[in-house]
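First the structure, in the form of structure tokens, and then the observations on it.
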Amino acid sequence: MKAVVITTPGGPEVLKLKEVDDPEVGDSEVLIKVDAAGVNRADTVQRKGLYPPPAGASPYPGLECSGTVIAVGQSVDRWKVGDEVCALLSGGGYAEKVAVSAGQVLPVPKGISLSYAASFPEVACTVWSTVFMTSHLTSGETFLIHGGSSGIGTFAIQIAKYYGVRVFVTAGSEEKLVTCKNLGADVGINYKTEDFAARVKEETGGKGVDVILDIIGGPYFQRNLDSLSLDGRLFIIGFQGGPITEVNLSGVLARRLTIQGSGLRTRTPENKAVIVAEVEKKVWPAIEAGNVKPVVYKTLPLSEAAEAHRIMESSAHIGKILLIP
Numbered sequence: 001m002k003a004v005v006i007t008t009p010g011g012p013e014v015l016k017l018k019e020v021d022d023p024e025v026g027d028s029e030v031l032i033k034v035d036a037a038g039v040n041r042a043d044t045v046q047r048k049g050l051y052p053p054p055a056g057a058s059p060y061p062g063l064e065c066s067g068t069v070i071a072v073g074q075s076v077d078r079w080k081v082g083d084e085v086c087a088l089l090s091g092g093g094y095a096e097k098v099a100v101s102a103g104q105v106l107p108v109p110k111g112i113s114l115s116y117a118a119s120f121p122e123v124a125c126t127v128w129s130t131v132f133m134t135s136h137l138t139s140g141e142t143f144l145i146h147g148g149s150s151g152i153g154t155f156a157i158q159i160a161k162y163y164g165v166r167v168f169v170t171a172g173s174e175e176k177l178v179t180c181k182n183l184g185a186d187v188g189i190n191y192k193t194e195d196f197a198a199r200v201k202e203e204t205g206g207k208g209v210d211v212i213l214d215i216i217g218g219p220y221f222q223r224n225l226d227s228l229s230l231d232g233r234l235f236i237i238g239f240q241g242g243p244i245t246e247v248n249l250s251g252v253l254a255r256r257l258t259i260q261g262s263g264l265r266t267r268t269p270e271n272k273a274v275i276v277a278e279v280e281k282k283v284w285p286a287i288e289a290g291n292v293k294p295v296v297y298k299t300l301p302l303s304e305a306a307e308a309h310r311i312m313e314s315s316a317h318i319g320k321i322l323l324i325p
């Protein structure tokens, strides 16, 4: 099969489409003929040599895909050859075929094209496992999403609104903020022209928000703490601004704040299966009802994976970037 190989750690140009061996299919796995693969910022970090795949995972980038099942392991009973599915991967999505644990496979949501289904697994599992399963975001609460126009952000806005949450977002342009508002965001903050912490306090009458989903890390840490309400929860899923900062922790005690962080890729297959099952139960109905829609910025052939990474790292995109074998 053909797959995108990271020839050496470096810039987008190190991604090359090459002939490689087909993946082997374990007893509890399915083999998917890939129709589309989602591009995620974690893929760009892997390309730089800073986010190696977990032991036993495919060395090729790609953390989500959609496609058709072409083989199943002996112990797999839910899926059969010919099923159209999407899947959360530990790697290997940038390829014509990928093997994945059966517990990380989802049906294509009704009303969604096979290709566009690739835009959901990583963002849905990330957002649901963090702010809903762990931070327990609930109806009537307030929620701040940093990077509201990203793949994560555009999904998080929609699923939070579906569950009755008041949504705040930050983004770097008025165009992006308009998109976020059209998806349901209640308050849009241009982080280039205003202090998000001051705006959050203004919009909440000084109270702050209940939950924050952060991709920036160090530079936002103090202002995130300052933006949280009593019993507020900060969930960090990325360090785009770097992991190091100096912080005044007094507010953590005074307002009983919770600081959490997690990655998805390094979780065990068993843990991922629990998350995937929750996503199918809690998120898929919202998609099938039309309340959560795919937001796809661009679709590119697999041979243009380097261009997909350039777009991702420029932050010019709104929503997801997909690769088609």
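Per UniProt numbering: the sequence shown ends with 325, consecutive numbering throughout.
C-beta: ideal position from N, C-alpha, C; glycine also.
**Asked** Would you call the region 127-135 and the region 104-111 touching, i.e. three or more CB-CB distances under 8 Å?
**Response** Taking a cut-off of 8 Å on C-beta distances, the region 127-135 does not touch the region 104-111, as fewer than three cross pairs fall below it.
**Request:** Keeping to the same chain, check which residues put their C-beta closer than 7 Å to that of G164; ignore five residues upstream and five downstream.
**Result:** Closer than 7 Å at Cβ, skipping near neighbours: S139, G140.
**Asked** Per DSSP, what kind of secondary structure is V295 in: helix, strand or coil?
**Response** Coil.
**Request:** Could you tell me which residues DSSP puts in a beta bridge with C65?
**Result:** The partner list for C65 (beta bridge, DSSP) reads A37, A87.
**Request:** Return the residue from the list Q46, A37, E24, L257 that minimises the CA-CA distance to P12.
**Result:** Closest in C-alpha terms to P12, from the list Q46, A37, E24, L257, comes Q46.
**Integer-rounded CB distance, given that K320 should sit under 8 Å from G93** = That pair is no contact at about 13 Å.
**Prompt:** Got a sec: does the ligand FAD put a non-hydrogen atom nearer than 7 Å to the Cβ of Y297?
**Reply:** The ligand FAD is not part of this structure, which contains no ligands at all.
**Prompt:** What three-state label does DSSP hand E29 in the structure shown?
**Reply:** Of the three classes helix, strand and coil, the one that applies to E29 here is strand, per DSSP.
**Asked** Near G238, which residues of its chain fall below 8 Å by C-beta distance, leaving aside the five closest residues on each side in sequence?
**Response** Excluding the 5 residues flanking it on each side, G238 has same chain C-beta neighbours closer than 8 Å at R41, D214, I215, I216, G217, in chain order.
**Cβ-based burial, I244 [other Cβ within 10 Å; buried from 16]** = When all chains shown are included, I244 counts as exposed.
**Item:** Start and end residues, alpha helix (DSSP H) containing K282
**Value:** K282 -> alpha helix (DSSP H) spans 269-282.
**Prompt:** In whole angstroms, what separates the C-alpha of G82 from that of P53?
**Reply:** If you take the alpha carbons of G82 and P53, they lie about 29 Å apart.
**Request:** Just list the alpha helix (DSSP H) runs in the region 186-215, keeping only unbroken ones of 4 residues or longer that don't cross its boundaries, in chain order.
**Result:** Counting only runs of 4 or more, we get 196-203.
**Message:** For D21 and A197, what's the separation of their Cα atoms in angstroms?
**Reply:** Approximately 51 Å, taken between the alpha carbons.
**Message:** If I follow the unbroken beta strand (DSSP E) through F168, where does it start and stop?
**Reply:** From DSSP, the beta strand (DSSP E) with F168 extends over 166-171.
**Item:** Endpoints, beta strand (DSSP E) assigned at L322
**Value:** Taken as a continuous stretch (DSSP letters only), the beta strand (DSSP E) holding L322 covers 320-324.
**Message:** Whole angstroms are fine: how far does the CA of A36 sit from the CA of C125?
**Reply:** Rounded to the nearest angstrom, the two C-alpha atoms are 18 Å apart.
**Message:** Quick check on the DSSP output: what are the complete alpha helix (DSSP H) runs of length 4 or more inside the region 108-186, in order along the chain?
**Reply:** Entirely contained in the region 108-186, the alpha helix (DSSP H) runs reaching 4 residues are, in chain order, 121-127, 151-162, 174-183.
**Request:** Note down, in chain order, each residue of its chain lying with its Cβ closer than 8 Å to the Cβ of L228, except the 5 sequence neighbours on either side.
**Result:** Within the same chain, L228 has close Cβ partners G208, V209, D210, I212, L234, G251, R255, L257.
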